[in-house]
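In my numbering, the protein residues as written are 28 to 347. See below for the structure under consideration.
Structure follows, in structure tokens:
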């Protein structure tokens, strides 16, 4: 299954274990879900990121734990907020994780949503002006790539400056791939084409995905760049009762984001309901060009959702 054209991944609930437990978070279910996903033939596992606005277990620490319990699955972030960290130290951390995992890291990166006050406070607390966060991220990506591939790096950007810096060890991969999560507005997809190793949206239609990826490929080519991997982050809940699936999805997203992202954007978030609905939706994205799909189950029974998806949906997807 690992050689198929379209890859499938699973998001691990590093925020869910905080939301769903009154006491100390249970790490065991996260690791168990990752191990089971590998056993079932999935290609990757992902974790989300936030320090203050949407608290969860720290992303790279969790992936390090998953790395020693798995052998094959890629270990990704969906998505990571690089500009909340120092770029040199982050490059060092990611290189270490890549070594621990044997070269399995995918760094999905982004700048977070545009409005919630919790996110503004998070960035400002960690020293990043909220309105400038995209420029910070671009400098992070540029500097980290150089640190992963060069010696004696000197870099002078608008926000970061280093002189004659060499990491003690490099990633096993020549450079860890960085997929950019973005919307479909011009400034966002242009950033993907110029800086990314792939595109990793979550709230798009298949038509928007196809059209925007085409623009990214064209602009990347004009700049002499490989656009990388077209990926999609799907929020979903499988349930014969569509109304029940929708209620689970709505409650889950409200818990996660504090804001009802529902209404007109429901179809962009994903699909909720019986297996046939999920099959149709995922195959539409595959036809639109998605080559890696990460699944986020909007249900407390994460293992049950994974097992059911594997039985009822996976065999009917056009992954080859």
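A virtual CB, placed ideally from N, CA and C, is assigned to each residue, including glycine.
query = Exposed or buried, residue 31, counting other C-beta atoms within 10 Å across all chains shown (16 or more means buried)?
reply = Within the chain shown, residue 31 is the residue found at index 4, counting from 1. Under this definition residue 31 is an exposed residue.
key: Contacting residues, own chain, Cβ-Cβ under 6 Å from residue 225 (five flanking each side not counted)   = Reading the chain shown from its first residue, position 198 is the one you call residue 225. Answer for residue 225: 206, 255, 256 and 258, listed in chain order.
Residue 178 versus residue 160: straight-line alpha-carbon distance, rounded = Translated into positions along the chain shown, residue 178 becomes position 151. Translated into positions along the chain shown, residue 160 becomes position 133. Approximately 27 Å between the Cα atoms of the pair.
ask   = What span of residues does the alpha helix (DSSP H) with residue 233 cover, start to end?
value = In the chain shown, the residue the question calls residue 233 occupies position 206. Residues 233-249.
key: Test item: CB-CB of residue 309 and residue 281 under 7 Å   = Residue 309 sits at position 282 when you count from the first residue of the chain shown. Residue 281 sits at position 254 when you count from the first residue of the chain shown. Not a contact, by the Cβ cut-off of 7 Å.
task = Report yes if the C-beta distance between residue 322 and residue 232 is below 7 Å; otherwise report no.
result = Here residue 322 refers to the residue found at position 295 of the chain shown. Here residue 232 refers to the residue found at position 205 of the chain shown. No, Cβ-Cβ distance for residue 322 and residue 232 is not below 7 Å.
inquiry  = Tell me which residues share the same chain as residue 237 and place their Cβ nearer than 7 Å to its Cβ, disregarding the 5 neighbours each side in the sequence.
reply    = The residue you call residue 237 lines up with position 210 of the chain shown. Around residue 237: 315 and 316.
message = By DSSP's criteria, residue 206 is part of a beta bridge. Which residues make up the other side?
response = The residue given as residue 206 occupies position 179 in the chain shown. 135, per the DSSP bridge assignment.
message = Relative to the C-alpha of residue 221, which candidate in 157, 168, 194 and 182 has its C-alpha closest?
response = As a first step, residue 221 is located in the chain shown; it is residue number 194 there, counting from the start. Minimum Cα distance to residue 221 is reached at 168.
inquiry  = I'd like to know if the stretch 141-150 and the stretch 181-190 are in contact, where contact means that at least 3 CB-CB pairs between them fall below 8 Å.
reply    = No: fewer than three Cβ pairs fall under 8 Å.
query = Quick one: any contact between the stretch 53-67 and the stretch 95-103, if contact means 3 or more CB pairs under 8 Å?
reply = yes
inquiry  = Can you tell me whether residue 101 is helix, strand or coil according to DSSP?
reply    = Within the chain shown, residue 101 is the residue found at index 74, counting from 1. Annotated three-state conformation of residue 101 is strand, per DSSP.
ask   = Counting only runs that start and end within the stretch 114-159, where is the beta strand (DSSP E) found for 3 or more residues in a row?
value = 132-136
ask   = In whole angstroms, what separates the C-alpha of residue 170 from that of residue 191?
value = By 1-based counting over the chain shown, the position of residue 170 is 143. By 1-based counting over the chain shown, the position of residue 191 is 164. Cα to Cα, residue 170 sits roughly 12 Å from residue 191.
key: Complete runs of the alpha helix (DSSP H) confined to the stretch 255-311 [at least 4 residues]   = 269-284 and 293-296
ask   = Going by alpha carbons, who is nearest to residue 106 out of 304, 132 and 34?
value = In the chain shown, residue 106 corresponds to position 79, counting from 1. The candidate whose alpha carbon is nearest that of residue 106 is 132.
Local conformation of residue 227 per DSSP, three classes = In the chain shown, residue 227 corresponds to position 200, counting from 1. Three-state DSSP puts residue 227 in coil, outside helix and strand.
key: Run of the beta strand (DSSP E) containing residue 36, from where it starts to where it stops   = Locating residue 36 in the chain shown gives position 9, where the first residue counts as 1. Annotation for residue 36: the continuous beta strand (DSSP E) segment containing it runs 34-38.
inquiry  = Using the Cβ count rule (16 or more neighbours within 10 Å means buried), how would you classify residue 234?
reply    = Here residue 234 refers to the residue found at position 207 when the chain shown is read from its first residue. Classification of residue 234: exposed, given that the 10 Å Cβ count is below 16.
key: residue 202 to residue 260 span [Cα, whole Å]   = Looking up residue 202 in the chain shown gives position 175. Looking up residue 260 in the chain shown gives position 233. Approximately 22 Å between the Cα atoms of the pair.
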